[in-house]
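Trainee: Just so we're aligned, residue 1 is where the sequence shown starts under full-length UniProt numbering, counting upward by one. Think of the CB as a built atom: it goes at the ideal place given N, C-alpha and C, for glycine as much as any other residue. These figures come from a predicted structure and were not determined experimentally. Starting off with a structure, shown below.
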Amino acid sequence: MLQDIGEHIFRNEYTLSRKPEDGDYVLAFRDRSVYIRGNGAGEELELPEAGLFDKSLLLYLFSIDGRAYYLFTGDAGTLSLDGFSWQSNTVLRSDNPRITCFAGFTAYHLYSWYAGNRFCGRCGHETVHSSKERALTCPHCGNVIYPKIAPAVIVGITDGNRILVTRYKDRPYRGLALIAGFCEIGETPEQTACREAMEEVGLKIKDLRYCGSQPWGLDSNILFGFMARVDGDTTIIRDENELAEAFWISRDELTEPDSTISLTKTMINSFKLHGFSFANLTEHPEKQP
1 MLQDIGEHIF
11 RNEYTLSRKP
21 EDGDYVLAFR
31 DRSVYIRGNG
41 AGEELELPEA
51 GLFDKSLLLY
61 LFSIDGRAYY
71 LFTGDAGTLS
81 LDGFSWQSNT
91 VLRSDNPRIT
101 CFAGFTAYHL
111 YSWYAGNRFC
121 GRCGHETVHS
131 SKERALTCPH
141 CGNVIYPKIA
151 PAVIVGITDG
161 NRILVTRYKD
171 RPYRGLALIA
181 GFCEIGETPE
191 QTACREAMEE
201 VGLKIKDLRY
211 CGSQPWGLDS
221 NILFGFMARV
231 DGDTTIIRDE
241 NELAEAFWIS
251 RDELTEPDST
261 ISLTKTMINS
271 FKLHGFSFAN
281 LTEHPEKQP
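Structure below.
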């Protein structure tokens, strides 16, 4: 999955004291576009380096293998670097290369949070960066705003050798998906899985089994994946407002995905290869920097 970066070391400790060096990387975003070189298909994606920017406009985000990544906080419309262009942030799903795409996802998560909280939601005063932690604070009323991380679940509902797959109705992604939804107040991820199964396809589920997790920065999510068995009637009652399609498909009919960058694709591929019983998909959960 996207966050599985092998022996590379990702460090997300917050600091305002680290100063950019010329060889550090810069992420620039404009709405849902990223400033990048390459197309992610035949060409690897490349990020611009800090030496090309006014360093006073760079905000430290994180580091990978000791190399820092910064967010460009200036006017995005002024950027004009040779070979770089604005592209949809979905180019970061190309997984080419993995490190750049993971960095882009994670940086976009923080960009979205910063952009959406320039002003205090309590009193309307302009916010400032905390000097102690990754937070925005209001100097007027004392409100503290932390990064938005929305928990959501993905559920692979199985019936013997079949798995229920869906296609979204109003989203750009048109590939196969699984039942998914956000955790609501007062419920556990397991309860969310059961509720979403009933709401989206009208099915009861049992034998819920946790199989992995994934940060998904493009939507500010942390995803929890579960496999489950259908409990009783297998008739699908599709939520037509959410789903364009929902149908059962056998392991033999599934084709191997072009990528396992996402938790959804990894779960579908693991079911094709191993059926309901497969190991935790999260690589090295105990690994520390």
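(1) Any contact between the segment 244-256 and the segment 147-167? By contact I mean 3 or more CB pairs, one from each, below 8 Å.
(2) In three-state DSSP terms, what is Leu178?
(3) Just to confirm the assignment, what range does the beta strand (DSSP E) spanning Leu218 have?
(4) Looking at the strands, I want to know which residues DSSP matches up with Arg11.
(5) With DSSP collapsed to three states, give me the class of Gly202.
(6) What are the boundary residues of the beta strand (DSSP E) that Ala115 is part of?
(7) Please check the pair Ile179 and Glu196, which I expect to be a contact at CB under 8 Å, by giving their CB distance rounded to whole angstroms.
(8) Taking C-alpha atoms, which residue in Thr166, Asn269 and Lys206 lies nearest to Ile236?
(9) Starting from the C-beta of Asp219, find all residues in its chain whose C-beta is less than 8 Å away, skip the five residues before and the five after it, and write them out in chain order.
(10) If we ignore side chains and look at the alpha-carbon of each, how far apart do residue 292 and Met1 end up?
(11) Hey, Val26 and Gln87 are a contact pair by Cβ (cut 8 Å); roughly how many whole angstroms apart?
(12) Determine which residues share a DSSP beta bridge with Ser88 and list them.
(13) So what does DSSP say about Glu46, is it helix, strand or coil?
(14) Let me make sure I understand the geometry here. Which of Thr264, Gly232 and Phe278 has the alpha-carbon closest to that of Phe224?
(15) DSSP puts Asp159 in a beta bridge; with which residues?
(16) Any idea if His109 is buried or exposed, counting beta-carbon neighbours within 10 angstroms, 16 or more meaning buried?
(17) Counting along the chain, where does the alpha helix (DSSP H) carrying Phe271 start and finish?
(18) According to DSSP, is Thr127 part of a helix, a strand, or is it coil?
(19) Measuring straight from C-alpha to C-alpha, what distance separates Phe182 and Pro189?
(20) Identify the continuous beta strand (DSSP E) that holds Ala246 and give its terminal residues.
(21) Quick check: what's the CA-CA separation for Ala207 versus Thr192?
(22) Using a Cβ-Cβ cutoff of less than 6 Å, which residues in the same chain neighbour Pro147 once the five nearest sequence positions on both sides are dropped?
(23) Could you give the C-beta distance for Phe72 and Leu92, rounded to a whole number, given that I count them as a contact under 8 Å?
Mentor: Taking the structure as given:
(1) yes
(2) coil
(3) Note, Leu218: premise wrong, no beta strand (DSSP E); not H, not E.
(4) Ser63
(5) coil
(6) No beta strand (DSSP E) holds Ala115; the alpha helix (DSSP H) holding it covers Arg98 to Gly116.
(7) 5 Å
(8) Thr166
(9) Ala150
(10) Nothing in the structure corresponds to residue 292, since the chain is present only between 1 and 289.
(11) 15 Å between Cβ atoms; not a contact.
(12) Ser33
(13) strand
(14) Thr264
(15) Arg162
(16) buried
(17) Leu263 to His274
(18) coil
(19) 9 Å
(20) Leu243 to Ser250
(21) Before going on, a small fix: residue 207 reads as Asp here, not Ala. Distance between the alpha carbons of Asp207 and Thr192: 14 Å.
(22) Trp113
(23) Wrong, their Cβ atoms sit about 16 Å apart, outside the cutoff.
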